[in-house]
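Engineer:
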Amino acid sequence: MLVRIYELSKHSRFEEYQKGLEDMENEGEKKKLLAEWVDLMPTQLLERYACYEAKWDFSAREDNLLLARTMYIWLIQEKIDKKELELRIRVFNFVNKPTRDAYMPVKKQTQAKS
Numbered sequence: 006m007l008v009r010i011y012e013l014s015k016h017s018r019f020e021e022y023q024k025g026l027e028d029m030e031n032e033g034e035k036k037k038l039l040a041e042w043v044d045l046m047p048t049q050l051l052e053r054y055a056c057y058e059a060k061w062d063f064s065a066r067e068d069n070l071l072l073a074r075t076m077y078i079w080l081i082q083e084k085i086d087k088k089e090l091e092l093r094i095r096v097f098n099f100v101n102k103p104t105r106d107a108y109m110p111v112k113k114q115t116q117a118k119s
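Everything in the sequence shown is counted per my numbering, starting at 6 for the first residue and increasing by one.
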């Protein structure tokens with residue numbers, strides 16, 4: 006689930022960037038800027054959230070347990086909001102991320118019996 010939150014957060018930042026380019030007249034330049042977009046965190050935020058920087062390997066059981074414990078502490082005990090969670094996980098480095106099918110399986114549709 007955390008990977009999904011991370012991806013949705015990144016997608017919303019891209020949409021913000023895209024909205025900022027709507028007034029551009031030059032379509033070629035606009036497409037070029039969209040293709041070159043990089044999700045960089047402002048220096049001030051990087052410094053503030055550097056203490057949360059960590060590498061999380063989803064193939065390592067210990068990392069999964071520690072990550073689950075970290076999320077429990079942040080969300081249940083500290084009661085951080087969505088924005089704060091997105092900022093903290095933005096400095097995470099995910100390794101061996103599960104595929105989208107693993108955390109968002111598509112339900113197979115079955116035909117109704119006649």
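Just so it is clear, CB atoms sit at the ideal spot from N, CA and C, and this is done for glycine as well. Being a predicted model, the structure only gives us computed values, none of them experimental.
So the beta strand (DSSP E) Phe99 belongs to, where does it begin and stop?
Structural biologist: Phe97 to Val100 is the extent of the beta strand (DSSP E) around Phe99.
Engineer: Would you kindly report the start and end of the unbroken beta strand (DSSP E) that includes Ala59?
Structural biologist: Ala59 to Asp62
Engineer: Kindly indicate which three-state DSSP category Ile94 falls into: helix, strand or coil?
Structural biologist: It is helical.
Engineer: Decide if Trp61 is buried, meaning its Cβ has at least 16 other Cβ atoms within 10 Å, or exposed.
Structural biologist: The residue in question, Trp61, is buried, as its Cβ has 16 or more Cβ neighbours within 10 Å.
Engineer: Would you please state the rounded distance, in angstroms, between the beta carbons of Arg95 and Tyr54? I believe it to be under 8 Å.
Structural biologist: 7 Å
Engineer: Just to confirm before moving on: does the CB-CB distance between Asn101 and Phe63 stay below 9 Å?
Structural biologist: yes
Engineer: Return the CA-CA distance between Arg93 and Glu58, expressed in angstroms with no decimal places.
Structural biologist: So the alpha carbons of these two residues sit roughly 8 Å apart.
Engineer: Give me the Cβ distance between Trp42 and Tyr22, rounded to the nearest whole Å; I'm assuming they're in contact under 8 Å.
Structural biologist: 6 Å
Engineer: Got a sec? Which residues, its chain only, sit under 8 Å from Leu72 by beta carbon, not counting five neighbours each side?
Structural biologist: Result list for Leu72: Leu7 and Trp61, in chain order.
Engineer: If we call anything under 9 Å between Cβ atoms a contact, is Leu165 one with Leu70?
Structural biologist: This structure does not reach residue 165, given that the chain is present from 6 up to 119, and the question cannot be answered.
Engineer: Can you tell which of Gly33, Lys37, Asp44 and Glu34 has the C-alpha that lies nearest to the C-alpha of Glu20?
Structural biologist: Asp44
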